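> What follows is a single structure, and I will ask about it in a moment.
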Amino acid sequence: MQITGKPKIKLRSEAHDYINLFLLLGERAENFMPNDTLNLLKNFVRICYEEPIDPSKQLAEIDKYILELKESIPGYTDVSLMIFPHEDSKAFQYRTQKQSFENKLKYFIDTEAVDSQTKEQTLNILNSHDYSVGTPPVTEAHLDLMYKMVLGDDVTELRKFRDVIGVNGDIEEAQWNYFMDVLEQMIIQSSHYTTNAEKQDFLNRTFLTVNFKGLDGFIKTVVGGGSNTVVELLSEEIFNNKDVKVIDFKNADDLFKQIESDTTSIFIVKIENMRKNIFNDKKWFPYLTRLVLVDDSPESESTNTSLVFCFHNKIVNTLNKVHTKKLGALANSQLNLRLILDKVNDKNLETFRSCAEQKIADYEEELKQFELEQLGETENNLKNLNLYKFNNFVKQIIKDKYAITKLHDFIVLVQNCKNPKALQKTNKALISEFETRTKAYIYANIEQVQIA
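Taking our numbering, I'd label the letters of the sequence shown as residues 3 to 454.
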């Protein structure tokens, strides 16, 4: 839902909670909320944002709406009281203060409250780079280097290989273009921490996938970890462990019976998918505030990211705070890998890989043929090197071959993420490489140092 402006009157925390609930609910909240409750919430928000003519009368009406909402949304207040209080992390507190300071500086500039010399100094402050830990300055040269190391070349150049390697067909071409878009986004976003806007963009794009289409309208967030990580955060950091029950979803009837028979517990339900809306029956609504739906799909396991769906906004808000404190910021590479696995199917990934592999073989054959024609042999590396130096055509072939080889290897990495055994093997290899390099670069390969 969307709201413009700010409340015109000072509100209690309960009122802000219901406004936040309205803001976070999806556009299709009517899929599971009764119309009278949804209209009541809309009218409550409307009166909170109205220009106060008689403030005391308006506050009395707001209090009346709050009482009606408490009756209309069963368990909302009770669940709020069960949640352990958590403050924002120090990083977010710092960022909030920084944004407040910047807004004041912009206000001074916009209202011309400072002279020209002070205005210049103010602009310098606003345009200065944030040198906080973890956000080093990144230049275009750095991004170009990352493109070449990870993908072999800039994505703008890689797009041209679609026709070269033989990707044909409307669906294949559309998925190739989407794949390139995500790769470009991945490289750019990997240069900084995941921002709230990038996280929201990811959630909006996952809305277009069919696996969880039945949960449209629920409040959702994403956690950098598997379903077990989400359960651990909810049961240890947000709720009392004794108040939480974990269920593997089998069918709607069994789930309803379990929730109906226990009126005090918080239910965490692991789901592989939810393509059909099972909550449109009014019988579900009284229990939705105690329900948390956690993504336990193969894509979640492959990317170590889990979508979380909930009706209670304070559960989601607290989960986001706890995530930042305990797990840190989300990794953009994980989110972009999830976008690839959600939207690019296995068949097309294999098509891209095989086409790239065939083109690499063609380039190798072309280079051998050229060496044979010019030198009469193909195994003399020194002569080959001298030959390549002075032939721009061969240089371009080598450059293209390098780019396609890197892209091929990245596609193989994406495919391995979908195979649990291959993923485990890849993770062990990456961890081993990280430990080896850390020991070499930082500890000079001292034998007594063990990297945990």
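By construction, the Cβ of each residue, glycine as well, lies at the ideal position given by its N, Cα and C atoms. All values reported here derive from a predicted model rather than from experimental measurement.
#1: Could you tell me whether the stretch 167-187 touches the stretch 307-319, using the rule of 3 or more Cβ pairs below 8 Å?
#2: Using only CA atoms, which one of 289, 16 and 358 lies nearest to residue 165?
#3: Answer with buried or exposed for residue 151, where buried requires no fewer than 16 other C-beta atoms within 10 angstroms of its C-beta.
#4: What is the DSSP secondary structure of residue 308, counted as helix, strand or coil?
#5: I'd like the span of the alpha helix (DSSP H) that includes residue 385, first residue to last.
#6: Return the first residue and the last residue of the alpha helix (DSSP H) that residue 414 is part of.
#7: Use the C-beta contact count for residue 102: other C-beta atoms within 10 angstroms, 16 or more gives buried, fewer gives exposed.
#8: Have a look at residue 11 and residue 50 and give me their C-alpha separation to the nearest angstrom.
#9: Should residue 155 go down as buried or exposed, given a rule of 16 or more other Cβ atoms within 10 Å for buried?
#10: How many angstroms separate the CA atom of residue 146 from the CA atom of residue 402?
#11: How many Å lie between residue 216 and residue 303 at the Cα?
#12: Name the DSSP bridge partner or partners of residue 293?
#13: Nearest to residue 222 by CA position, among 23, 445 and 436, is which residue?
#14: Out of 291, 426 and 376, point me to the one whose CA is closest to residue 79's CA.
#15: With a floor of 4 residues, list each alpha helix (DSSP H) that falls wholly inside the stretch 205-263, ordered by position along the chain.
#16: Classify residue 118 as helix, strand or coil using the three-state DSSP reduction.
#17: Cutting at 7 Å between CB atoms, please list the residues of its own chain near residue 331, excluding the five before and the five after it.
#18: By the three-class DSSP mapping on this structure, what secondary structure does residue 165 have?
#19: For a test of the three-state rule: what should DSSP assign to residue 443, helix, strand or coil?
#20: Following the continuous alpha helix (DSSP H) through residue 151, name the residue where it begins and the one where it ends.
#21: Can the beta-carbon of residue 272 be found less than 7 Å from the beta-carbon of residue 250?
#22: Is residue 305 closer than 7 Å to residue 329 when the C-beta atoms are compared?
#23: Once you ignore the five residues that flank residue 13 on each side, which residues in its own chain have a CB closer than 8 Å to its CB?
#24: By the DSSP assignment, the alpha helix (DSSP H) with residue 372 in it spans what residues?
#25: Helix, strand or coil for residue 343? Go by DSSP, reduced to three states.
Taking the coordinates as given:
#1: no
#2: Indexing the sequence shown from 1 puts residue 165 at position 163. It is 358.
#3: The residue labelled residue 151 in the question sits at position 149 within the sequence shown. With fewer than 16 Cβ atoms within 10 Å of its Cβ, residue 151 is classed as exposed.
#4: If you number the sequence shown from 1, residue 308 lands on position 306. Strand at residue 308.
#5: In the sequence shown, the residue the question calls residue 385 occupies position 383. Taken as a continuous stretch (DSSP letters only), the alpha helix (DSSP H) holding residue 385 covers 383-391.
#6: Here residue 414 refers to the residue found at position 412 when the sequence shown is read from its first residue. Here the alpha helix (DSSP H) through residue 414 covers 394-419.
#7: Sequence index remark: in the sequence shown, residue 102 carries index 100 (1-based). Exposed.
#8: Here residue 11 refers to the residue found at position 9 of the sequence shown. Here residue 50 refers to the residue found at position 48 of the sequence shown. Answer to the nearest angstrom: the Cα atoms are 7 Å apart.
#9: As a working mapping, residue 155 is identified with position 153 in the sequence shown. When all chains shown are included, residue 155 counts as buried.
#10: By 1-based counting over the sequence shown, the position of residue 146 is 144. By 1-based counting over the sequence shown, the position of residue 402 is 400. The straight-line gap from Cα to Cα measures roughly 16 Å.
#11: Working through the sequence shown from its first residue, we reach residue 216 at position 214. Working through the sequence shown from its first residue, we reach residue 303 at position 301. Cα to Cα, the separation comes out at about 21 Å.
#12: As a position in the sequence shown, residue 293 is number 291, starting the count at 1. Answer by DSSP bridge pairing, in chain order: 269.
#13: For the purposes of this step, residue 222 is taken as residue 220 along the sequence shown, with counting starting at 1. Checked all of 23, 445 and 436; the closest Cα to residue 222 is 23.
#14: Position 77 of the sequence shown, counted from the first residue, corresponds to residue 79. Of the candidates 291, 426 and 376, the one whose C-alpha sits nearest the C-alpha of residue 79 is 291.
#15: 229-235 and 254-263
#16: In the sequence shown, residue 118 corresponds to position 116, counting from 1. In this structure, residue 118 counts as helix in the three-state DSSP scheme.
#17: Your numbering for residue 331 matches position 329 in the sequence shown. If we look at residue 331 and ignore the five residues flanking it on each side, its Cβ neighbours are 195 and 196.
#18: Sequence index remark: in the sequence shown, residue 165 carries index 163 (1-based). Helix.
#19: One-based indexing of the sequence shown puts residue 443 at position 441. Correct three-state label for residue 443: helix.
#20: Sequence index remark: in the sequence shown, residue 151 carries index 149 (1-based). Residues 142-152.
#21: Walking along the sequence shown from the start, residue 272 turns up at place 270. Walking along the sequence shown from the start, residue 250 turns up at place 248. In contact: residue 272 and residue 250 (Cβ atoms closer than 7 Å).
#22: In the sequence shown, counting from the first residue as 1, residue 329 sits at position 327. In the sequence shown, counting from the first residue as 1, residue 305 sits at position 303. No, the pair does not count as a contact, with Cβ atoms beyond the cut-off.
#23: For the purposes of this step, residue 13 is taken as residue 11 along the sequence shown, with counting starting at 1. Correct list, in chain order: 21, 50 and 64.
#24: If you number the sequence shown from 1, residue 372 lands on position 370. Segment 348-377, the alpha helix (DSSP H) holding residue 372.
#25: Mapped onto the sequence shown, residue 343 falls at position 341. Residue 343 falls in the helix class under three-state DSSP.
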